[in-house]
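Scroll down for the structure; my scribbles are underneath it.
2 protein chains.
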Amino acid sequence: MTKVLLASRNAKKLAELRRILVAEQVSGIEVLGLDAVPPFPEAPETGATFEENAAAKARDAVAATGLPAIADDSGLAVDALNAMPGVLSARWSGRHGDDLANVALVLAQLGDVPEERRGAAFVCAAALATPAGAQTVVRAEWRGSLTRSPRGGNGFGYDPIFVPDGDTRTSAELDPAEKDALSHRGNALRLLVPHLRGLV
Amino acid sequence: MTKVLLASRNAKKLAELRRILVAEQVSGIEVLGLDAVPPFPEAPETGATFEENAAAKARDAVAATGLPAIADDSGLAVDALNAMPGVLSARWSGRHGDDLANVALVLAQLGDVPEERRGAAFVCAAALATPAGAQTVVRAEWRGSLTRSPRGGNGFGYDPIFVPDGDTRTSAELDPAEKDALSHRGNALRLLVPHLRGLV
């Protein structure tokens with residue numbers, strides 16, 4: 001088995017990548033999370049783009065572990081906010097990781113923005129780096145629009161205010177398997193699959 | 201004297217425009233503020249651009265009063281926020297007109313943004329509309345960079361965190377005459393002067 005590190009401590013992300021590899025019939029790869037390797041210092045994500053952050057995280061993980069590594073960075077790009085919160089999605093309110101405050105702030109900022117200008121996209125960049133120095137960065141977007149109040153208990157982050165195009169439910173009202181099949185992160189990870197096959 | 205309405209209740213803006221007309225030797229124009237005309241319903245500023253908001257405000261004022269009217273819309277465009285807060289500058293924190301909260305939020309959002317990516321511009325669009333249906337919209341920008349904490353007691357809005365290019369003081373540390381000579385609003389209003397001469 002070829003070991004590949006997913007540079008994340010998020011058990012849901014780990015499970016999602018494993019499900020995708022099964023679905024895409026990629027065999028011979030064992031996916032490890034950060035909890036399965038000795039700890040190493042993780043640099044803060046201060047890049048100007050999702051791609052920059054994902055690539056840096058993957059390279060750092062390779063350097064620390066000697067394993068091929070996948071990393072992702074993702075966020076919400078709101079049309080009426082010129083594609084922000086973007087790379088600042090997790091700290092938009094100034095409080096890192098405070099989903100409720102971040103969601104409340106976006107809704108308040110869009111208080112006067114009419115329906116036809118409430119478009120948004122979830123964006124994910126995913127990077128694969130190898131010990132030999134190869135690097136692949138891919139990007140996927142999931143288009144939709146923003147509600148005026150949160151709905152749904154699944155997912156995290158901005159899921160409760162994002163309605164994917166072609167649906168009437170928020171992404172927090174989709175079940176996890178439905179979300180996997182459609183989401184920015186699912187699609188970005190699937191774009192890496194051909195490159196993962198090349199590792200085996 | 202030709203009466204021209206400045207669609208604002210801000211005495212400082214009124215005084216600034218009058219000073220500019222004197223400095224530019226425009227004679228024969230009397231500038232009135234909104235307090236000098238009968239009240240009329242003012243539409244909320246919900247346009248997607250400064251230009252749209254300024255033009256709409258000027259046209260509404262002409263329609264209500266029959267006078268030629270000037271209106272402006274302005275705000276801060278932060279490079280690392282993709283030119284936001286932009287038209288949402290006055291309500292960036294979700295609390296309209298709360299300068300302290302708006303400034304604190306921008307500083308928090310830029311907490312991890314290094315010096316070389318802290319560029320910003322104050323932007324002003326100014327519109328002149330006439331009862332005959334003519335409309336002129338101009339735009340001026342004032343480039344600078346953002347501090348890590350507020351300084352200075354003059355001005356308002358984001359002045360305490362904006363250091364104009366070529367200076368080391370924030371625009372809240374400039375005296376009002378210095379600011380007039382350099383600022384986005386001063387320059388936008390000066391761009392309207394030739395059009396104002398045409399009214400006399």
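Protein chains in written order, with this note's numbering: chain F, 1 to 200; chain V, 201 to 400.
Idealized CB from N, CA, C, for every residue including glycine.
Assignment of residue 25(F) by DSSP, reduced to helix, strand and coil, places it in the coil class. By the CB criterion at 8 Å, residue 234(V) and residue 208(V) fall inside the cutoff. In the three-state reduction of the DSSP assignment, residue 103(F) falls in the helix class. For the segment 220 to 254 of chain V, the set of positions with a beta-carbon nearer than 7 Å to some beta-carbon of chain F reads 244, 246, 248 in chain order. As DSSP reads the structure, residue 72(F) sits in a beta bridge with 126(F).
Your pair residue 254(V) and residue 337(V) checks out as a contact, with CB atoms roughly 6 Å apart and the cut at 8 Å.
Across the set 228(V), 231(V), 256(V), 248(V), the C-alpha of 256(V) shows the shortest separation from the C-alpha of residue 241(V). Closer than 8 Å to the CB of residue 286(V) there is at least one CB belonging to chain F. Here DSSP, grouped into helix, strand and coil, assigns residue 286(V) to helix. At least one CB atom of chain V sits nearer than 8 Å to the CB of residue 112(F). With a 10 Å radius around the Cβ and a threshold of 16 neighbouring Cβ atoms, residue 309(V) comes out buried. Neighbours of residue 282(V) in chain F, taken as residues at a C-beta separation under 8 Å, are given in chain order as 81, 82, 83, 84, 86. Under the three-state reduction of DSSP, residue 400(V) is assigned to coil, being neither helix nor strand.
Neighbours of residue 309(V) in chain F, taken as residues whose beta carbon is under 9 Å from its own, are 84, 85, 88, 91, 92, 93, 94 in chain order. Collapsing the DSSP output to three states places residue 245(V) in coil. For residue 276(V), not one C-beta of chain F is nearer than 8 Å to its own C-beta. Following the DSSP letters along the chain, one finds residue 250(V) inside the alpha helix (DSSP H) bounded by residues 250 to 265. In this structure, DSSP gives residue 332(V) a state outside helix and strand, which the three-state scheme calls coil.
Less than 8 Å divides the Cβ of residue 268(V) from the Cβ of residue 328(V). For residue 340(V), the closest alpha carbon among the candidates 301(V), 303(V), 387(V) is that of 387(V). The beta carbons of residue 323(V) and residue 250(V) sit about 6 Å from each other, so the pair counts as a contact at 8 Å.
Look at residue 357(V) here: in three-state DSSP terms it is coil, with no helix or strand label. Neighbours of residue 259(V) in chain F, taken as residues whose beta carbon is under 8 Å from its own, are absent, since the nearest beta carbon is some 19 Å off. Around the beta carbon of residue 183(F), 16 or more other beta carbons lie within 10 angstroms, which makes this residue buried. Between residue 289(V) and residue 153(F), the alpha-carbon positions lie close to 32 Å from each other. For residue 182(F), the enclosing alpha helix (DSSP H) stretches over residues 176 to 182. Shown here for residue 330(V): same chain residues with a beta carbon closer than 6 Å to its own, the five before and five after excluded, namely 268 in chain order. Neighbours of residue 317(V) in chain F, taken as residues at a C-beta separation under 7 Å, are given in chain order as 48.
Under DSSP, residue 389(V) takes part in no beta bridge, so it has no partner. Residue environment for residue 371(V): buried (at least 16 other C-beta atoms within 10 angstroms of its C-beta). In the structure shown, residue 95(F) falls within a coil segment according to DSSP collapsed to helix, strand and coil.
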